[in-house]
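Protein chains in written order, with the numbering used here: chain A, 1 to 141; chain B, 1 to 141; chain C, 1 to 141; chain D, 1 to 141; chain E, 1 to 141; chain F, 1 to 141; chain G, 1 to 141; chain H, 1 to 141; chain I, 1 to 141; chain J, 1 to 141. From the three backbone atoms N, C-alpha and C, an ideal C-beta is built for every residue, glycine too.
10 protein chains.
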Amino acid sequence: MAKRGSHGLETFPNPNPQRDYVIRHVAPEFTSRCPMTGQPDFGSVMIEYVPDRLCVELKSLKLYLQAFRDEGIFYEAVTNRILDELVAVLRPRWMKVETRWNPRGGMHSVVTAEHRQAARGRTRQVSVERENRLRAGGPSR
Amino acid sequence: MAKRGSHGLETFPNPNPQRDYVIRHVAPEFTSRCPMTGQPDFGSVMIEYVPDRLCVELKSLKLYLQAFRDEGIFYEAVTNRILDELVAVLRPRWMKVETRWNPRGGMHSVVTAEHRQAARGRTRQVSVERENRLRAGGPSR
Amino acid sequence: MAKRGSHGLETFPNPNPQRDYVIRHVAPEFTSRCPMTGQPDFGSVMIEYVPDRLCVELKSLKLYLQAFRDEGIFYEAVTNRILDELVAVLRPRWMKVETRWNPRGGMHSVVTAEHRQAARGRTRQVSVERENRLRAGGPSR
Amino acid sequence: MAKRGSHGLETFPNPNPQRDYVIRHVAPEFTSRCPMTGQPDFGSVMIEYVPDRLCVELKSLKLYLQAFRDEGIFYEAVTNRILDELVAVLRPRWMKVETRWNPRGGMHSVVTAEHRQAARGRTRQVSVERENRLRAGGPSR
Amino acid sequence: MAKRGSHGLETFPNPNPQRDYVIRHVAPEFTSRCPMTGQPDFGSVMIEYVPDRLCVELKSLKLYLQAFRDEGIFYEAVTNRILDELVAVLRPRWMKVETRWNPRGGMHSVVTAEHRQAARGRTRQVSVERENRLRAGGPSR
Amino acid sequence: MAKRGSHGLETFPNPNPQRDYVIRHVAPEFTSRCPMTGQPDFGSVMIEYVPDRLCVELKSLKLYLQAFRDEGIFYEAVTNRILDELVAVLRPRWMKVETRWNPRGGMHSVVTAEHRQAARGRTRQVSVERENRLRAGGPSR
Amino acid sequence: MAKRGSHGLETFPNPNPQRDYVIRHVAPEFTSRCPMTGQPDFGSVMIEYVPDRLCVELKSLKLYLQAFRDEGIFYEAVTNRILDELVAVLRPRWMKVETRWNPRGGMHSVVTAEHRQAARGRTRQVSVERENRLRAGGPSR
Amino acid sequence: MAKRGSHGLETFPNPNPQRDYVIRHVAPEFTSRCPMTGQPDFGSVMIEYVPDRLCVELKSLKLYLQAFRDEGIFYEAVTNRILDELVAVLRPRWMKVETRWNPRGGMHSVVTAEHRQAARGRTRQVSVERENRLRAGGPSR
Amino acid sequence: MAKRGSHGLETFPNPNPQRDYVIRHVAPEFTSRCPMTGQPDFGSVMIEYVPDRLCVELKSLKLYLQAFRDEGIFYEAVTNRILDELVAVLRPRWMKVETRWNPRGGMHSVVTAEHRQAARGRTRQVSVERENRLRAGGPSR
Amino acid sequence: MAKRGSHGLETFPNPNPQRDYVIRHVAPEFTSRCPMTGQPDFGSVMIEYVPDRLCVELKSLKLYLQAFRDEGIFYEAVTNRILDELVAVLRPRWMKVETRWNPRGGMHSVVTAEHRQAARGRTRQVSVERENRLRAGGPSR
């Protein structure tokens, strides 16, 4: 049933496209490399989305995230790239990606980005909500 | 007092239909099977609703959820199906179902779906709130 | 200073009626009986309110809640009844009652009901907020 | 630099009056006496405010709160009185006082009051927010 | 790639300026000195922002925060100064700085300040949100 | 299979009497009454034992503990009485009963008693261990 | 490399038999059925051992534990049976099995059993330690 | 039944003197004053003992501890004095007093002292155990 | 000062060899690969030792552990190998290595091994303690 | 009353020298510098001792620990040095110092050292206990 998209990501048809509902996958074992020092970075990746016609298949998502293991990439860039690549394959109604990183130099970091489908007459709410979103994403240490 | 609906779900009359109030049942012992591998999946099911004329009887709800024990079904599908079947029996003013799944392949997942009664002149708020809902349902890891 | 109302609930005058402020009492030792089986149920009761002219006296509230010890009553009914009886005595500007119940049959439950004073020109906000309230009361397991 | 106000509370000029920002002080060692029984009560006091021209000096705040050690006063009254006295000295743009009390008779209590500066053309938002505030201040047990 | 700004803070170009997203860095090892007594203060600093054209480089941020180690400065002042200096270098679309301080004299404190880019036609939302912000920044003890 | 002993406690044959192993049952919903004031007390009861020829049946144990609901009895007495009555029925190789009580008057209490089978040539170890036991049972608040 | 033993349990040679070391596997997703009511029980199984010549292969252990899914068996019996069957296959120097069960009727239970290799001149310590073990296995609620 | 001893401490006869068992009372609301500065200190007091012929009555213990409210006394001295005075009244087989103090100057402290009945031929174990005790009382931060 | 040993591990002279003291390093970011499937495994490594003449330098230890990133190795083998290689370089008086692994197939695992210096007349205690060790290493889930 | 010893540490006479009891001070705000890089290190220092004739005065202990703020020193060395210097001043019957360090390079560390008074005929127990100590000081992550 699953179909292969780019980056090896496989999809299957959303079983309930008539309803907006939220799927969240959390991968607490993400690792990539610092592009400056080559040292490994460790963190977790949270992917949350409202599917449109497609859902992502879990095993292919795991393999997709594992492929960053030897890649040198900044926190900000990897977060936006995962969002862009998943959006390109799934075309979700809404998607958020949040990466949380283990301490380096005594500091720990979180990067959060989200995407919203332009169509479906929701443009007005989108801008309001994006603002709310940015605010509401505050720290819950 | 209880009446039997479909899927063995029994109901009793809402003792306070004049007031909107919220009932939440959490079943942390849910288990079904992966439709791909046949392996057991484990998770918890949260059902939250504003009753209209009927409330669900707890023991019949427990048995209803136990009936998934040997069923092969995806996370996304089981969440929407529980919502659909409970809505069909209870006709609640509002209902949300959230399933939280133990890690598989290093990733854990959450699926959240909700239903709102169409009538009662609340259509405008509904769309606004559904949007808010989807956003506010963010991860509280 | 305290005056006796119905159900043995005593009250004292709100020392700061000119200001809307919130009082919350949590009784984690509530017990009643299941009306079906006669078995004891255990839970906690949270009462939160904005007083108008009267506040509830704590010791009488404790005794009032203890009086459910031998009563057979459903979760939904006891929650609404505590709300109704306290509202009748205190006439608060706003009140919420939330009961949280220990697991039975592997499931634990929460029931939440609230009341709002009709007067004081707040009718419009009330309906909006009640909606928000119902939504925002989601699970924080 | 500090100036003495009433109740021994000292103040210093807000170093950044051009910006609305929030200061929170939490005193988890508050003790007073029950006015009925004379028994000591224990709790914590949280004071949160947006300063206007003055900030409260911490040591004088500590001494101010210690002065309740031998005073017999109800939960509701002490919360409102701390708010009133601090508002009289600091004239803040906004202030909230929340007291949380150790269990007595098996129940624990929280009282929350807030004040908002009338001026500065914020009257409309104030009423909306006060409503939101009262609602959003729900229990996070 | 990084460029040096004032206070030794280095920056690099935002890799995704077309999208509003949030970066948060938390430094739990902050220490400065009390300007009254010279005694060391200990706390954590949280910096959260929506980048415009520039992101802050992490190592230079660490060194910038370490430079307060021997400085005598009040909680309120250090919070606003970190915000001002980072805003001057990064010109972010939005930024919040929150400092949380270890107990002194039995009290612990939190100071929260934020900045918002004036331009980009967002002025109306800004004022509403700033209000929401101040309210929503309540204690989560 | 189960046989009824005194106090309604039912037993079943230990399926593995050839091996010393430990069974622990924790009942967090225990309630009795203070013999001085008649006020309800709430706590939890932990029963841990090494069975000899008999194990206690869970449902009868639940009913046995529920029978204290209307009894006026001190913490120290109820702990020793539960131990004595279970020992009389089960004749275990070793048994410990620990009761933990909710705060009254700002203090919470724990009472721990244990029994050891006299026979089986273990007398020497017993005295040494009882000493160790008393020591090792220290608070793990 | 792995060899199949009874009950489908596969083993591989202990890579470091010259050293006593401890392996612990925790399976928090165990489910069986109550032999009285047929209702599902849920719990976790902890297996800890000092290998002699063989280690258990993880996937076969998972499948072995899944096989209890439809079996009706008491807490005490299932704990001892898992211990007996693993000992028969692995012949470990020491092994402990502990099962922890979700609440039923308001009570939760733990059963702990262990086995020790008779040979290797350790008989004296064994009896002392078994005693210590029984004692030290106290509740850490 | 209770008899008044010195310092207002009342006692009642140990209902089970034939058995060594442990009673623990924890008072988390202790306050005294620093003998140097007169500032209030806050902490908790844990009293644990094996009764001989007498048990301490809870309400009189609460009042005894409250009497330190206005006393200036060091951590080390108050801990030993509570132990001495309770031993003088109760003559327990064994007793331990542990005080835990809120941070002052960034440091928090714990003081632990214990007493053992000289008689009853337990002198040898006592010295060994006291040693073990001192060691085992390590920090569990 | 540091000298390079095998596997790139560097050492420096123990500054206090006259005293037995304990050093513990915990690396929560360990990753290797499953030798069966090639899939990445994630866990933490705890190294605890009493140094004799040498201590391990932290940065070289970090690099040593990172070198397992692309190695296919079983839990049991990697634990013993880290112990063996560190013992060969440091010749400690005592060392323990414990690896804790993220769940795979619903199970999580812990492997613990330790080494003790043969010389210094401690042979008798060693055997007793090794036994204690194995027992005391029980689960603290 | 206090007398000044070396390193500015002040002492006062042990009020209860006839009894072995334990005093613990925890300073969670310790900071020094890495002797290799000059970067600040952050950690906590725990000091636990059985006083003989002298106790350490808390304020002088705070100042003593603050004096490491600008010192470059290894984890192992600072732990042993604090122990040596406190022993030289206090001559305690027993003392333990434990330092816990924030993560550096993804690893966090703990160093534990203890001292025991040679005299008082306790030499035999000492060696046994030191062994036990080293073992029992295992990780409680």
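(message) According to DSSP, is residue 37/D part of a helix, a strand, or is it coil?
(response) Assignment of residue 37/D by DSSP, reduced to helix, strand and coil, places it in the coil class.
(message) Tell me which residues share the same chain as residue 140/F and place their Cβ nearer than 7 angstroms to its Cβ, disregarding the 5 neighbours each side in the sequence.
(response) Low per-residue confidence applies at residue 140/F: pLDDT is 28, beneath 50, and the placement is therefore not dependable, though the value from the model is reported in the following sentence. No residues qualify anywhere along the chain.
(request) Just the C-alpha distance for residue 22/G and residue 31/E, rounded to the nearest angstrom, thanks. (result) Take the alpha-carbon of residue 22/G and the one of residue 31/E: they are about 43 angstroms apart.
(request) Provide the residue(s) that pair with residue 64/H in DSSP beta bridges, ordered along the chain. (result) None; residue 64/H has no bridge partner.
(request) Check the C-beta distance from residue 15/E over to residue 50/E and give it rounded, since I have them as a contact under 8 angstroms. (result) The C-beta distance from residue 15/E to residue 50/E rounds to 14 angstroms, too long to fall under 8 angstroms, and the pair is not in contact.
(request) With 7 angstroms as the C-beta to C-beta threshold (strictly closer), list the residues of the segment 94-112 of chain J near chain A in chain order. (result) Answer in chain order: 102, 103 and 106.
(request) Could you give the DSSP three-state label for residue 21/F: helix, strand or coil? (result) Here residue 21/F sits in coil by DSSP.
(request) In the DSSP assignment, find the alpha helix (DSSP H) that holds residue 57/I and state where it starts and stops. (result) Going by DSSP, residue 57/I is part of no alpha helix (DSSP H) at all; its letter is neither H nor E.
(message) DSSP three-state label for residue 85/I, please.
(response) DSSP, reduced to helix, strand and coil, places residue 85/I within a helical segment of the structure shown.
(request) Kindly indicate which residue of 28/J, 42/J, 52/J and 118/J has the alpha-carbon position closest to the one of residue 89/J. (result) The option with the nearest alpha carbon to residue 89/J is 52/J.
(message) For residue 12/C, tell me which candidate among 6/D, 64/D, 36/D and 68/D has the shortest Cα-Cα distance.
(response) Taking only the C-alpha atoms, the option nearest residue 12/C is 36/D.
(message) Checking 7 angstroms against the spacing of the C-beta atoms, do residue 26/C and residue 46/C come in under that value?
(response) With contacts defined by Cβ atoms closer than 7 angstroms, residue 26/C and residue 46/C form a contacting pair.
(request) In the DSSP assignment, find the unbroken beta strand (DSSP E) run with residue 102/J in it and report its ends. (result) Per DSSP, residue 102/J belongs to the beta strand (DSSP E) from 94-104.
(request) Taking only the alpha-carbon atoms, compute the straight-line gap between residue 74/I and residue 34/I and give it to the nearest angstrom. (result) Between residue 74/I and residue 34/I, the C-alpha separation is close to 6 angstroms.
(request) For the segment 28-46 of chain D, enumerate the residues whose C-beta is nearer than 7 angstroms to any C-beta of chain H, in chain order. (result) Per Cβ criterion, the list reads 29, 31, 40 and 42.
(request) Taking residue 142/C as part of the beta strand (DSSP E), name the residues at either end of that continuous run. (result) Any property of residue 142/C remains undetermined from this structure, which presents chain C solely from 1 to 141.
(request) Give the C-beta separation of residue 85/G and residue 10/G to the nearest angstrom, bearing in mind that I take them to be a contact with Cβ-Cβ under 8 angstroms. (result) Not really, about 13 angstroms apart at Cβ, beyond 8 angstroms.
(request) Step through the CB atoms of chain A and report whether any lies within less than 7 angstroms of the CB of residue 62/E. (result) Yes - at least one Cβ of chain A is within 7 angstroms of the one on residue 62/E.
(message) Rounded to whole angstroms, what is the Cα-Cα separation between residue 116/C and residue 24/B?
(response) Between the alpha carbons of residue 116/C and residue 24/B lies a gap of roughly 22 angstroms.
(message) With the cut-off set at 7 angstroms, would you say residue 110/H and residue 76/H are in Cβ contact?
(response) Residue 76/H is positioned such that its CB atom lies no closer than 7 angstroms to that of residue 110/H.
(request) Look at the alpha carbon of residue 43/J and the alpha carbon of residue 80/J, and state the distance between them as a whole number of angstroms. (result) Cα-Cα distance, rounded: 15 angstroms.
(message) Would you say residue 56/I lies against chain J (beta-carbon separation less than 7 angstroms)?
(response) With 7 angstroms as the cut-off, residue 56/I does not count as an interface residue toward chain J.
(request) With 7 angstroms as the threshold, decide whether the Cβ of residue 71/G is near any Cβ in chain F. (result) Output row for residue 71/G: interface = no.
(request) State the Cα-Cα distance for the pair residue 104/D and residue 106/F, rounded to the nearest angstrom. (result) Distance between the alpha carbons of residue 104/D and residue 106/F: 7 angstroms.
(request) Using a threshold of 7 angstroms, state whether the C-beta atoms of residue 118/I and residue 83/I are closer than that. (result) No; because the gap between Cβ atoms is not below 7 angstroms, this pair is not in contact.
(message) For a cutoff of 7 angstroms on Cβ pairs, would you count residue 87/C as touching chain D?
(response) Among the CB atoms of chain D, none fall inside 7 angstroms of the CB of residue 87/C.
(request) Check the Cβ of residue 48/H against every Cβ in chain J and list those closer than 8 angstroms, keeping chain order. (result) Within 8 angstroms Cβ-Cβ: nothing; residue 48/H doesn't reach chain J, min ~14 angstroms.
(message) Taking the straight line between their C-alpha atoms, what separation do you get for residue 72/E and residue 55/D?
(response) Straight-line Cα distance between these residues: approximately 18 angstroms.
(message) Strictly below 9 angstroms CB to CB, what residues from chain J border residue 77/H?
(response) By Cβ distance, chain J contributes 15 and 16.
(request) Determine the contact status of residue 7/I and residue 64/I, defining contact as a CB-CB distance below 7 angstroms. (result) Yes, these two residues count as a Cβ contact at 7 angstroms.
(request) Report the three-state DSSP secondary structure of residue 184/G (helix, strand or coil). (result) Missing from the structure shown is residue 184/G; chain G here goes from 1 to 141 and no further.
(request) Return helix, strand or coil for residue 69/G, following the three-state DSSP convention. (result) The answer is helix: DSSP assigns residue 69/G an H, G or I state.
(request) Provide the residue(s) that pair with residue 26/J in DSSP beta bridges, ordered along the chain. (result) BP columns for residue 26/J point to 108/H and 46/J.
(message) Checking 7 angstroms against the spacing of the C-beta atoms, do residue 96/C and residue 48/C come in under that value?
(response) Yes, these two residues count as a Cβ contact at 7 angstroms.
(request) List the residues that DSSP assigns as beta-bridge partners of residue 32/E. (result) Looking at the DSSP output, residue 32/E bridges to 41/E.
(request) Please report how far the alpha carbon of residue 87/C lies from the alpha carbon of residue 67/H, in whole angstroms. (result) The straight-line gap from Cα to Cα measures roughly 41 angstroms.
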